[in-house]
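In mature numbering (1 follows the signal peptide of the UniProt record, and there is no 0), the protein residues as written are -30 to -1, 1 to 619.
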């Protein structure tokens, strides 16, 4: 046991020590460099600065005169201590007289002042023995050994020279008998929990070694749960044997934000998992930084702790951010022999006016038909109230050419289809990682004309079964523990949802979906990503509601929506590795199928389950507009290249 630590209570037994110095402020830092996102929040716990200060003020043979006198002065006011100080010699006088007796024979060693501790307990700890040679160094070691038993507040030696040699008597002041322990300053830990970590026994002489071990255990438990600044602030023992232990848990006094030129400060501070008045918690600090980064507004996020302004024992959390561009205006154009000229204009901002709201408007036009055009508008307000209720809105009206494929990837028909309507959703967290959503949807799908291939424009039964108005409500339950929602390296995301259609629409069905994603950090920015999706419906789903498999987001190496049906299952394994800064490579294996087994099953759907698979390689590049993903997948009928803005999963 550390000798200085062993004297923690030696001075605190009879006085309240109020010093608190935050010697080391941990810095919590999140660097978003390319595809990697690392958060350092498990900073080294600060040393118990207050305990060391208590030790410094404790009396003892190694203390200077001024320290002992200061300790005596601070102890004044307690009768037991006052009486002791009246008989105790000044420390420098003891040091000046002891050495002159070196070499004398020790005739007798005695201990006086004992009330509850057996003399044998002290004598066994001493180097000075009757019949031995007197040594000033041994006396110094004896005094330290008496302290180290843990039962005594102070001690000093007295000498009597006799013809035969020298008699040595150690005067000791026992610690009081413990009658009660008072705990104050605790908010995060209950008094019962703290006392359960204390081995102190009421009715027995207080032992400073036990106290210090107990305090170390309590502080270790605080650190284990993330409260790395929690420590003993004051400790005192009165004449009635009441031990008062006051904790300082490192209370958050407030926040400051730097670097937020556009983003309003409240958009950042509302993501903090600690509020003013709470104790600082490194785990919650890490989570807070994850939430701030996952807003998508910042390239870099730093957090450091400053001493409080109202109370230096408290802390102020200073968050520094480096903003990135969140607004964009894009114009795109292309040409193909089948579709002709295709154009697109988009306007978006994921941090609208610095409020944290997001909005996006996209307009598409062109193609062989002048009727091919449409818009999609989306808006999200993430904080409707203090319970973090979110609001989402989508409006759309599009007409476009659709290529329908059979399960072999051969085109069945190219036709014009349109859809218009809207969706409104509300989300509310159930806890830190779980959110429940409800979405209302009204959508009208229409078959607008045959272009090429199989002509189904006169198949009225098929059209009536697949095109019309859908009115549905969807309930979703999502558990998301990913460290970085844009490029996760650890954590998971699980979701379960059910969509019930009807509500006066043309279609009535129930649709069930499960999704699971899991990420394993292999070190050095290498990640293993797993994904599973499953869907089921016991009804005939319309074209717009059918599960669709194939393409970059589900089954690479196949055409988009190549497999359709009322049932679906997919799985993916992907190994991701860094190549150069902001460029990530991936090796993947996908498998899955969508199948029907219902009436009106045209060639585009399978009647029974057939597992399809693919494998390939991909690359992801981080850009100011978001990640760009390029994949080459090899399926059962050869390879296919896929490109998208945004990651896969």
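Every residue gets a Cβ at the ideal spot worked out from N, C-alpha and C, and that includes glycine. Please read all numbers here as calculations on a predicted model, not as lab measurements.
Bridge partner(s) assigned by DSSP for residue i
{"i": "residue 483", "result": "467 and 505"}
{"i": "residue 387", "result": "370 and 417"}
{"i": "residue 290", "result": "228 and 272"}
{"i": "residue 207", "result": "213"}
{"i": "residue 152", "result": "214"}
{"i": "residue 187", "result": "Residue 187 pairs with nothing; no bridge assigned."}
{"i": "residue 329", "result": "319 and 349"}
{"i": "residue 565", "result": "537"}
{"i": "residue 493", "result": "496"}
{"i": "residue 560", "result": "542 and 584"}
{"i": "residue 591", "result": "553 and 598"}
Short Cβ contact (9 Å threshold) for residue i with residue j
{"i": "residue 202", "j": "residue 149", "result": "no"}
{"i": "residue 264", "j": "residue 454", "result": "yes"}
{"i": "residue 382", "j": "residue 411", "result": "no"}
{"i": "residue 82", "j": "residue 139", "result": "yes"}
{"i": "residue 317", "j": "residue 348", "result": "no"}
{"i": "residue 240", "j": "residue 257", "result": "no"}
{"i": "residue 610", "j": "residue 482", "result": "no"}
{"i": "residue 602", "j": "residue 591", "result": "no"}
{"i": "residue 377", "j": "residue 415", "result": "no"}
{"i": "residue 287", "j": "residue 226", "result": "yes"}
{"i": "residue 405", "j": "residue 448", "result": "yes"}
{"i": "residue 358", "j": "residue 372", "result": "no"}
{"i": "residue 395", "j": "residue 368", "result": "no"}
{"i": "residue 542", "j": "residue 619", "result": "yes"}
{"i": "residue 477", "j": "residue 512", "result": "yes"}
{"i": "residue 517", "j": "residue 491", "result": "no"}
Sequence-distant residues of the same chain with beta carbon closer than 8 Å to residue i, five excluded per side
{"i": "residue 307", "result": "In this prediction, residue 307 has a pLDDT of 43, which is less than 50 and means its spatial position is unreliable; what the coordinates show is noted afterwards. For residue 307, where only same-chain residues beyond five positions count, there are no Cβ hits under 8 Å."}
{"i": "residue 47", "result": "Reliability fails at residue 47, whose pLDDT of 47 lies under 50, so the model's placement of it is uncertain and no value is given."}
{"i": "residue 294", "result": "267, 268, 269 and 594"}
{"i": "residue 296", "result": "232, 266, 267, 319, 320 and 321"}
{"i": "residue 152", "result": "212, 213, 214 and 215"}
{"i": "residue 615", "result": "595, 596, 597, 598 and 599"}
{"i": "residue 402", "result": "243 and 257"}
{"i": "residue 617", "result": "456, 457, 590, 597 and 599"}
Under the three-state DSSP convention, the category residue i falls into
{"i": "residue 607", "result": "coil"}
{"i": "residue 259", "result": "helix"}
{"i": "residue 27", "result": "Bear in mind that a pLDDT of 29 at residue 27, under 50, signals an unreliable position, so the model cannot answer this."}
{"i": "residue 64", "result": "helix"}
{"i": "residue 460", "result": "coil"}
{"i": "residue 19", "result": "Summary for residue 19: the model assigns pLDDT 31, below 50, so the residue's position carries little reliability; its value from the coordinates is reported in the next sentence. If DSSP states are grouped into helix, strand and coil, residue 19 belongs with the helices."}
{"i": "residue -4", "result": "With a pLDDT of 42 at residue -4, under the threshold of 50, the modelled position of that residue is not reliable, and no figure is offered here."}
{"i": "residue 393", "result": "strand"}
{"i": "residue -9", "result": "Low local confidence applies: a pLDDT of 31 at residue -9 is under 50, so the model's placement there is unreliable, and no value is given."}
{"i": "residue 619", "result": "coil"}
{"i": "residue 455", "result": "coil"}
{"i": "residue 193", "result": "helix"}
{"i": "residue 537", "result": "strand"}
{"i": "residue 169", "result": "coil"}
{"i": "residue 254", "result": "helix"}
{"i": "residue 117", "result": "helix"}
{"i": "residue 602", "result": "strand"}
{"i": "residue 528", "result": "coil"}
{"i": "residue 111", "result": "helix"}
{"i": "residue 7", "result": "Unreliable positioning characterises residue 7 in this predicted model, as indicated by a pLDDT of 30, which lies under 50. A coordinate reading is not provided."}
{"i": "residue 431", "result": "helix"}
Among the options, the one whose alpha carbon lies nearest that of residue i
{"i": "residue 214", "options": "510, 185 and 380", "result": "185"}
{"i": "residue 70", "options": "136, 61 and 126", "result": "136"}
{"i": "residue 531", "options": "269, 383, 521 and 513", "result": "521"}
{"i": "residue 500", "options": "507, 511, 487 and 491", "result": "487"}
{"i": "residue 355", "options": "328, 390 and 397", "result": "397"}
{"i": "residue 133", "options": "207, 183 and 76", "result": "76"}
{"i": "residue 621", "options": "471, 428 and 142", "result": "In the structure as shown, the chain begins at -30 and stops at 619. Residue 621 is therefore absent and cannot be evaluated."}
{"i": "residue 464", "options": "474, 475, 456 and 451", "result": "451"}
{"i": "residue 561", "options": "506, 515, 502 and 589", "result": "502"}
Any non-hydrogen atom of the ligand FAD closer than 8 Å to residue i Cβ
{"i": "residue 60", "result": "Among the components modelled here there is no ligand, and therefore nothing to report on the ligand FAD."}
Residues near residue i by beta carbon distance below 7 Å, same chain, minus five either side
{"i": "residue 210", "result": "149"}
{"i": "residue 158", "result": "197, 219 and 249"}
{"i": "residue 174", "result": "147 and 148"}
Close-in-space but distant-in-sequence residues of the same chain around residue i (CB under 6 Å, 5 per side omitted)
{"i": "residue 509", "result": "479"}
{"i": "residue 679", "result": "Outside the displayed span of the chain (-30 to 619) sits residue 679, for which this structure offers no information."}
{"i": "residue 579", "result": "563 and 565"}
{"i": "residue 74", "result": "104, 135 and 136"}
{"i": "residue 261", "result": "241"}
{"i": "residue 335", "result": "313 and 343"}
Below-9 Å beta-carbon distance, residue i vs any chain B residue
{"i": "residue 75", "result": "The structure shown has no chain B; it contains just one protein chain."}
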